[in-house]
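Here the structure is laid out as structure tokens; the discussion comes afterwards.
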Amino acid sequence: MTNNKSELGERPLVNVEDLTVIFEARGNIVHALDTVTLSINAGERIGIVGESGSGKSTLALALGGHIQGAGRRSGGSVDVVATDVFTASPEALGRLRRGHLGYIFQNPIGTLDPTRKVSRQFFGTDGRPISEARIANVLEQVRLDDIPRVLKSYPHELSGGMAQRVAIAMAIEHEPRLIIADEPTSALDASVRLQILDLLKEISIRSGAALIIVSHDLKAVRSYCERVAVMYAGRIVEFGDSKDVFSEPSHPYTAALIRAIPGEEGIDGEIRGIRGNPPLLTKRLEACAFAERCDHALDECWRLRPEPTLQNNRSVSCHLASRGISARAAEG
Amino acid sequence: MTWVSRVAQVLREDRIALISFSVIVFLLLVSLFLPLLPIGQPDEVGYGPRIGAPSWAALFGTDHLGRPVLARLVQGLQMTFLLSTVAVLISGLLGAIVGVATTYLHPFADESANRIADVMFSFPPILLGILVVAVRGPGIVTIMFVISLITFPTMLRVVRATTLDVMRRDFIVVSEIAGTSVIKRLLIHFTPNVAETVAVQMVYSISIGMLVESGMSFLYIGVQAPTASLGALLRDGVSYIAVAPWLIFIPGIAISALILSTNLLGDGLRRLVDPVDRV
Amino acid sequence: MIHLDHVSVRYRSGMPWARTYTDAAREASFSIPEGSTLGLVGESGSGKSTLGKVCLGLLRPDSGQAELAGEPMYGIGRRRPGTLAAVLQHPEWSFNPKLTIGRSIGEPLWRTGITRDEEIKAVASILERVGLSEDYSSRLPNELSGGQRQRASIARALVTTPKFVVFDEAVSALDVSIQAQILNLIKELQNQIRFAALFISHDLAAVRYLAHEIAVMSQGEIIATAPAKSFYSPMADPYVRRLQEASGLIEVDKKEPGL
């Protein structure tokens, strides 16, 4: 769904158009992203949902221009805060990353340097260490208690939730306009998850930063994001208001995913897996990537790539849906 | 993929490993087949003039006793290869068995073996060589013994690390619950998963062994005259460096090529076992 | 079938003259009848993995009794091979990478002295029951996807028709769509084979779907045990209720003071 102008007529903060990314190593080719189109306005909270192999993490990395090494862009463009990440100069890209982007990853252990205390983990956009006063300030914003103790601690002395809060502090210290969180809570205990998501939402609202949460947890995204993009096999198959997508999914994969999640079924209810396995993505598919696992595949699903169609503020890439048949109705 | 095809793949992809492998194979073939040609005997005193220049009969010239340098080089290659390889095979196998058994079977045995390995490891190799020679006298068996002693603790360490890694894996826990006997578990689950690391470490150890042997022979406590080894050739040629520098250059280049190639081959093979890149 | 009675486990650390003790599990008690699944839920450090090890016969309790069909659990793998089985978390390490899936699945049968032919037949039969075709037998573990490996793990666990199976975070590393397949598979197989099961997980939603009864652990103690069905509505214990909210099983009670 390309919302090329928000209500204020500004250009979108993030504009991804027809992005295709291919990874190649030792003769193995993976089409990680397949003509992905997405735009995000300032201050929006978007969820990107998918299972492993869906391409969601690759998309998150692409936004910061982090496609390197075995991965290369083979088509399309990514524009973040008016910077084309693939053609920008190293200085411009560095300014973008240090000034406007904040990344949060699944495991804070990777973000935090295990050999330094927290007070020495923060660096400004000029590369020099930040004063403790400023660090304490941002640690307060992430709602850490006993900040003096945290400042003196090494990462391994902090609990998972606290370490993740420090990582979030590092990401927001320079007041980014876009915060990208890739599975920010998967490595944390359940009791801490909601707190961290609450925190991210609060930070986004307070600072006006746009927030992208990449996750496999559709329910969390429903609660914390305004819109959600569902990814499968490197494509965005559905994009729309998160509560609507969850209650009335248009794409059969979204519907099947919701049916597979434990927690929504009632007593003696059923959860259903999706038969088969995700496709191998070794070459570009000229058909719907979900066809072989779909219970409602039509003839053309095996031959034609479904293109995104817009219906009622919802973008769906599905032949069934573009005929006006919703996935739920097809169940009978 | 069998291990043969995997080794072949490493050689295809890693140019340095391929070059190293070729050098070693070349030197090995030379040491095996060149004696079939009329190059003279390594101990043939008076085959040619003393410190003679290269000629058709003696392609690398002759040494201070008139012996053909090429023939001595060939014997040197044979000796150096053989001594190191045999010694490392023995110490490697022993180190592997002891390593796996003590690490897996009992924490006390593990601790003890570890400490003993530490002590052995901290002993300076040449000093160890001198000590053993003082007890046993110099000679081929002594050299092999010293090489074994020196390479044993490293193998123990490396095997211990690999065994610890394997022990923590779920399939070992499942094997224990299934009641499989310890011997079966060691043979079927541990051995194949430790074998690759052992093989790579052996290659490294062989290069160390060749260095040790050359050093000892050079110091007169290794291979004894008239038998040739690369280190012995260095020893013999040192006095004549002014008049016949090739007497040390040739064995020197051979030793360097051999040790470096073996080491680099080890590096290449290690990448097989220890893949670093993940897409 | 399974009885844990006031089981406590303490970990010792430090030198003999300056020992420190940590209680990994304190006075844990529960029973699992045949054909029934007990879900053991808790966060990291709750002690559930420790109890899991006790139930696998790998850890002897420092006090209390742990019994399987009247016999002490510790060492039961060696004394009564084939009675106990496990499906563990990591699909990458669940199989010996050097053995074919068929040989790995057959391992629990080796102690019983059956012939190689009988072993092959038994493996083919159990593979079919878990939804994998016979040719998976000759494949190596790295040729299988995560979900397929967990199916093969389940096959290995059930090949001896055990009385008791411990599932330790068995679906945690799987994608949601595959996880659902595996949960349903476990339910179905338990109905057919009637093994008792302990399902350890940090995911209350998955446990609630699968288990008949749930025990919630926190800091080494079992703070609540109740039928799984009661977890579909808010529970009395505040910690349990917070866990339900955090797992998205019940609506967050905004009037409740912060966590």
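Protein chains in written order, with the working numbering: chain A, 1 to 332; chain B, 1001 to 1279; chain C, 2001 to 2259.
Yeah, the Cβ is synthetic: ideal placement off N, Cα and C, and Gly gets one too.
Considering only DSSP beta bridges, list what P1068(B) is partnered with.
Taking the second sequence and counting its residues from 1, one reaches residue 1068(B) at position 68. Beta-bridge pairing links P1068(B) to T1062(B).
Spatial neighbours of D1277(B) within its chain, please: C-beta separation below 8 Å, excluding the five flanking residues on both sides.
The residue given as residue 1277(B) occupies position 277 in the second sequence. The pLDDT assigned to D1277(B) is 40, lower than 50, so where the model puts this residue is not dependable; a value taken from the coordinates is nonetheless given after this. Result list for D1277(B): empty, nothing under 8 Å.
Could you give the first and the last residue of the continuous alpha helix (DSSP H) run that contains I2154(C)?
Taking the third sequence and counting its residues from 1, one reaches residue 2154(C) at position 154. First-last of the alpha helix (DSSP H) with I2154(C): G2146 to L2158.
Report yes or no: is there a C-beta of chain C within less than 8 Å of the C-beta of N1263(B)?
Within the second sequence, numbered from 1, the residue matching residue 1263(B) stands at position 263. By this cut-off, N1263(B) is not an interface position.
E2256(C) by DSSP, collapsed to three states: which one?
Within the third sequence, residue 2256(C) is the residue found at index 256, counting from 1. Its pLDDT being 45, under 50, E2256(C) is placed unreliably in this model, and the value from its coordinates should be taken loosely. Of the three classes helix, strand and coil, the one that applies to E2256(C) here is coil, per DSSP.
For a contact defined as C-beta to C-beta under 7 Å, what are the partners of G263(A) on chain C?
By 1-based counting over the first sequence, the position of residue 263(A) is 263. Residues of chain C passing the Cβ test: A2205, S2247, G2248 and L2249.
Run through DSSP, which three-state label would M231(A) get?
Along the first sequence, one-based indexing puts residue 231(A) at 231. Three-state result, M231(A): strand.
What's the C-alpha gap between R275(A) and L2189(C)?
If you number the first sequence from 1, residue 275(A) lands on position 275. If you number the third sequence from 1, residue 2189(C) lands on position 189. Each residue's Cα considered, the two are about 18 Å apart.
Our contact map puts I1292(B) next to I1253(B) with C-beta atoms below 8 Å; I'd like the distance itself, whole angstroms only.
A query on residue 1292(B) cannot be resolved here, the shown segment of chain B reaching from 1001 to 1279 and no further.
Within the 8 Å Cβ cut-off, does D2175(C) reach chain A?
In the third sequence, the residue the question calls residue 2175(C) occupies position 175. Judged by the 8 Å Cβ criterion, D2175(C) is in contact with chain A.
State the DSSP-derived secondary structure class of H2006(C), mapped to helix, strand or coil.
One-based indexing of the third sequence puts residue 2006(C) at position 6. Here H2006(C) sits in strand by DSSP.
Looking at chain C, which residues of the region 186-201 of chain A have a Cβ within less than 7 Å of any of its Cβ atoms?
D189, A190, S191, R193, L194 and Q195
In or out: A1017(B) buried (at least 16 other Cβ within 10 Å) or exposed?
Taking the second sequence and counting its residues from 1, one reaches residue 1017(B) at position 17. A1017(B) should be labelled buried.
Tell whether a beta-carbon distance below 8 Å holds between I48(A) and V214(A).
Walking along the first sequence from the start, residue 48(A) turns up at place 48. Walking along the first sequence from the start, residue 214(A) turns up at place 214. In this structure, V214(A) lies closer than 8 Å to I48(A) by Cβ.
Which bits of chain E does H2202(C) rub up against, with CB to CB less than 8 Å?
No chain E is part of this structure, whose protein chains are labelled A, B and C.
Give the C-beta separation of P184(A) and I196(A) to the nearest angstrom, bearing in mind that I take them to be a contact with Cβ-Cβ under 8 Å.
Residue numbering aside, residue 184(A) sits at position 184 when the first sequence is read from its first letter. Residue numbering aside, residue 196(A) sits at position 196 when the first sequence is read from its first letter. 6 Å between Cβ atoms; contact.
Counting only beta-carbon separations shorter than 8 Å, does Y2011(C) have a partner in chain B?
Indexing the third sequence from 1 puts residue 2011(C) at position 11. No, its Cβ sits nowhere closer than 8 Å to a Cβ of chain B.
With a threshold of 8 Å between beta carbons, is S2125(C) in contact with chain B?
Taking the third sequence and counting its residues from 1, the one referred to as residue 2125(C) is at position 125. With 8 Å as the cut-off, S2125(C) does not count as an interface residue toward chain B.
How far does the beta strand (DSSP E) with Q2181(C) in it reach, from first residue to last?
Walking along the third sequence from the start, residue 2181(C) turns up at place 181. Note, Q2181(C): premise wrong, no beta strand (DSSP E); alpha helix (DSSP H) at V2176 to I2193.
Just the C-alpha distance for R2156(C) and S2104(C), rounded to the nearest angstrom, thanks.
If you number the third sequence from 1, residue 2156(C) lands on position 156. If you number the third sequence from 1, residue 2104(C) lands on position 104. Straight through space, the alpha carbons of S2104(C) and R2156(C) are spaced by roughly 7 Å.
Alpha helix (DSSP H) containing A1008(B): first to last residue?
What you label residue 1008(B) is simply residue 8 of the second sequence in a count that begins at 1. First-last of the alpha helix (DSSP H) with A1008(B): W1003 to E1013.
Need the endpoints of the beta strand (DSSP E) that L158(A) sits in, please.
One-based indexing of the first sequence puts residue 158(A) at position 158. L158(A) -> no beta strand (DSSP E), and no H or E assigned at all.
Run through the DSSP bridge pairs and tell me what P2072(C) is partnered with.
Sequence index remark: in the third sequence, residue 2072(C) carries index 72 (1-based). In the DSSP output, where bridge partners are listed per residue, P2072(C) has E2067(C).
I want to verify the contact list: residues of chain A whose CB lies under 9 Å from the CB of L2058(C), in sequence order.
The residue you call residue 2058(C) lines up with position 58 of the third sequence. Ordered by position in chain A, no residue passes the 9 Å Cβ test against L2058(C), which lies about 25 Å from the chain.
Can you have a look at I1112(B) and say buried or exposed, based on whether 16 or more other CB atoms are within 10 angstroms of its CB?
The sequence position of residue 1112(B) within the second sequence is 112, counting from 1. First, the amino acid is wrong: residue 1112(B) is Ser here, not Ile. That one is exposed.
Are there 16 or more other CB atoms within 10 angstroms of the CB of M2015(C), so buried, or fewer, so exposed?
Working through the third sequence from its first residue, we reach residue 2015(C) at position 15. The residue is exposed, with fewer than 16 neighbouring Cβ atoms inside 10 Å.
Under DSSP, the alpha helix (DSSP H) around A1193(B) begins and ends at which residues?
Position 193 of the second sequence, counted from the first residue, corresponds to residue 1193(B). According to the sequence displayed, residue 1193(B) carries Asn and not Ala. N1193(B) -> alpha helix (DSSP H) spans T1191 to F1218.
In chain order, what residues of the same chain lie with their CB nearer than 8 Å to the CB of I147(A), ignoring the 5 residues before and after it?
Position 147 of the first sequence, counted from the first residue, corresponds to residue 147(A). Taken in chain order, the residues that qualify are A136, L139 and E140.
By Cβ distance, which residues of its chain are closer than 6 Å to I29(A), with the 5 residues on each side in sequence left out?
As a first step, residue 29(A) is located in the first sequence; it is residue number 29 there, counting from the start. Correct list, in chain order: T282.
Quick one: which unbroken alpha helix (DSSP H) runs of 4-plus residues sit fully inside the region 1059-1144 of chain B? Chain order, please.
1069-1105, 1107-1121 and 1125-1136
I'd like to know whether the C-beta of R1169(B) is nearer than 8 Å to at least one C-beta of chain C.
The sequence position of residue 1169(B) within the second sequence is 169, counting from 1. Closer than 8 Å: yes.
Roughly how many whole angstroms lie between the Cα atoms of A1244(B) and M1144(B)?
The count along the second sequence starts at 1 and reaches residue 1244(B) at position 244. The count along the second sequence starts at 1 and reaches residue 1144(B) at position 144. Looking at the two C-alpha atoms, the distance is approximately 31 Å.
By DSSP's criteria, L310(A) is part of a beta bridge. Which residues make up the other side?
Residue 310(A) sits at position 310 when you count from the first residue of the first sequence. DSSP lists S315(A) as partners of L310(A).
Taking the alpha-carbon positions, what's the N4(A) to L188(A) distance?
What you label residue 4(A) is simply residue 4 of the first sequence in a count that begins at 1. What you label residue 188(A) is simply residue 188 of the first sequence in a count that begins at 1. Bear in mind that a pLDDT of 46 at N4(A), under 50, signals an unreliable position, so the number given afterwards is only what the model happens to contain. For N4(A) and L188(A), the distance between alpha carbons rounds to 36 Å.
Grab me the residues of R1067(B)'s own chain with a C-beta within less than 7 Å of its C-beta, minus the 5 sequence neighbours each way, in chain order.
Mapped onto the second sequence, residue 1067(B) falls at position 67. Closer than 7 Å at Cβ, skipping near neighbours: P1042, D1043, E1044, V1045 and Y1047.
Say whether the region 38-45 of chain A touches the region 195-210 of chain A, bearing in mind that this needs 3 or more beta-carbon pairs closer than 8 Å, one atom from each stretch.
The region 38-45 of chain A, when compared against the region 195-210 of chain A, does touch it at the 8 Å Cβ threshold.
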